[in-house]
Amino acid sequence: METGDLGRRVAEDVADGGGVEGLRRLSGVIEALEERRTELVEELRRGREATWEEIGRACGMTRQGATRRWAGRLRARSFGVAADAYQHGRPGYPRALVGSAVPREARRVLDLGAGTGKLTGLLVEAGLDVVAVEPDEGMRARLAAAVPKAAVRAGSAERIPLPDGSVDAVVVAQAWHWFDQTAAVPEIARVLAPGGTLALVWNVRDESEPWAAALGVLMHRSAPQRIDTRPALPAPFGAPERLEIRWEHVTTRAGIVDMVASRSYVIALPEDERVRLLADVEQLLATHPDLADREEIALPYVTRCTRVRLG
Ligand SMILES: C[S@@+](CC[C@H](N)C(=O)[O-])C[C@H]1O[C@@H](n2cnc3c(N)ncnc32)[C@H](O)[C@@H]1O
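In terms of UniProt numbering, the sequence shown opens at residue 1 and continues consecutively.
So, in structure tokens, the structure goes:
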């Protein structure tokens with residue numbers, strides 16, 4: 001049977017009887033099929049089993065159409081490949097952030113896109129009742145081991161596995177730019193209790209020291225990164241409150257190399273370019289005069305937080 005004929009037969013079976021009920025069933029199946037198609041694309045690209053050209057052809061699209069549709073999501077879901085480097089190399093957050101990201105009256109907090117739990121741990125230590133949602137299995141495994149007191153759930157910002165109005169605050173650290181924000185905004189509003197808050201957090205490297213500036217130039221030579229770390233949020237959220245905390249992440253040369261290796265655009269580089277970049281970072285750290293003879297290196301950061309309230 002031709003694929004088109006098969007599709008038509010399945011569609012007719014699913015929408016049997018038509019009407020609003022048939023439409024609802026058909027939409028559910030289309031969503032599940034699209035989800036499966038995305039998984040297949042991810043499998044094919046991860047194993048380098050097919051080019052974007054071939055994937056586009058199989059989906060009746062151009063190469064550019066297929067890349068536009070899936071490459072961003074693939075990048076967003078690539079962190080698990082380097083989960084150990086992430087856990088070792090990425091900075092945490094200053095303790096003072098919790099008081100700004102989560103209002104005093106909040107008890108139940110959702111850490112969305114929680115990764116390996118770098119912020120989750122601080123929320124738990126502050127005595128909050130924390131549920132951490134993370135789509136990537138590798139990141140989730142480390143999160144569950146690092147923060148056993150948090151309830152860890154598989155899910156995404158576009159489909160949060162929590163009931164309506166079930167949390168007082170949502171925090172999103174270093175992950176908002178990966179979400180489909182059109183779907184995430186109503187989904188976050190759905191799980192928040194009336195008057196609940198959403199905080200968006202980013203760690204931004206402070207490049208005022210020459211060696212940190214040189215590191216930044218190296219890191220972005222193949223992929224300049226532009227993230228809006230002071231975003232505006234649409235209704236139903238209100239006016240933003242913004243805060244910045246300056247602090248230092250004390251690490252080692254190996255920690256900085258892992259911080260670079262865990263960036264999604266570095267994970268996505270062709271292997272030879274990735275190896276060359278990491279070697280260049282090691283070389284910079286070993287030879288820069290400002291870092292000579294240092295076992296520990298203080299990497300300066302500014303943590304930016306934007307908090308909005310529902311309604
Ligand atoms: C840069 S990491 C940040 C992790 C953690 N919040 C932290 O501060 O270390 C981004 C995380 O967002 C997750 N992510 C990507 N797309 C997502 C989505 N649509 N919904 C929820 N999380 C997502 C990734 O799997 C990854 O763990």
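In this text, a Cβ means the ideal position worked out from N, Cα and C, and glycines have one as well.
Report the rounded CA-to-CA distance for residue i versus residue j, giving the unit in angstroms.
i: W202; j: D228; result: 10 Å
i: D84; j: T120; result: 17 Å
i: A199; j: V308; result: 6 Å
i: E39; j: G113; result: 19 Å
i: R140; j: V152; result: 7 Å
i: A173; j: R75; result: 17 Å
i: V147; j: D290; result: 36 Å
i: A157; j: Y93; result: 21 Å
i: I297; j: T252; result: 5 Å
i: G47; j: V281; result: 27 Å
i: A145; j: R95; result: 21 Å
i: R9; j: E21; result: 18 Å
i: V250; j: H288; result: 17 Å
i: L299; j: T197; result: 30 Å
i: S27; j: G56; result: 23 Å
i: L243; j: A126; result: 19 Å
i: S166; j: R159; result: 14 Å
i: H88; j: A212; result: 19 Å
i: P224; j: P163; result: 39 Å
i: A32; j: V41; result: 14 Å
i: E207; j: G216; result: 7 Å
Mind reading off the beta-carbon distance from residue i to residue j? Whole number of angstroms is fine, and I expect it under 8 Å.
i: Y301; j: R205; result: 6 Å
i: P240; j: T306; result: 5 Å
i: G171; j: A101; result: In the sequence as displayed, the identity of residue 171 is Val instead of Gly. The pair is a contact, with the Cβ atoms about 5 Å apart (cut-off 8 Å).
i: residue 366; j: V133; result: Residue 366 falls outside the range modelled here, since the chain spans only 1 to 311, and no answer is possible.
i: F79; j: D136; result: 6 Å
Let me know if residue i comes out buried or exposed under the rule of 16 or more other beta-carbons within 10 Å of its beta-carbon.
i: K149; result: exposed
i: L143; result: buried
i: H220; result: exposed
i: R263; result: buried
i: P91; result: buried
i: D293; result: exposed
i: E187; result: buried
i: D13; result: exposed
i: G72; result: exposed
i: D258; result: buried
i: L23; result: exposed
i: D168; result: buried
i: V275; result: exposed
i: R77; result: buried
i: A184; result: buried
i: T51; result: exposed
i: I256; result: buried
Any idea which residues DSSP pairs residue i with across the strands?
i: P289; result: DSSP, once it has assigned bridges, lists no residue as partnering P289.
i: residue 359; result: Within the shown structure, residues of the chain are numbered from 1 to 311, placing residue 359 beyond reach of any answer.
i: Q300; result: Before going on, a small fix: residue 300 reads as Pro here, not Gln. P300 is bridged to E248.
i: V201; result: A173 and C305
i: R242; result: T306
Inset, instruction - Run through the segment 69-108 for me and flag every whole alpha helix (DSSP H) of 4 or more residues, listed as ranges in chain order. - result: 83-89 and 97-101, all fully within the segment 69-108.
Legend entry - Uninterrupted alpha helix (DSSP H) stretches inside the UniProt domain "Methyltransferase type 11" (110-199) (no shorter than 4 residues): The qualifying runs are 120-125, 137-146 and 181-191.
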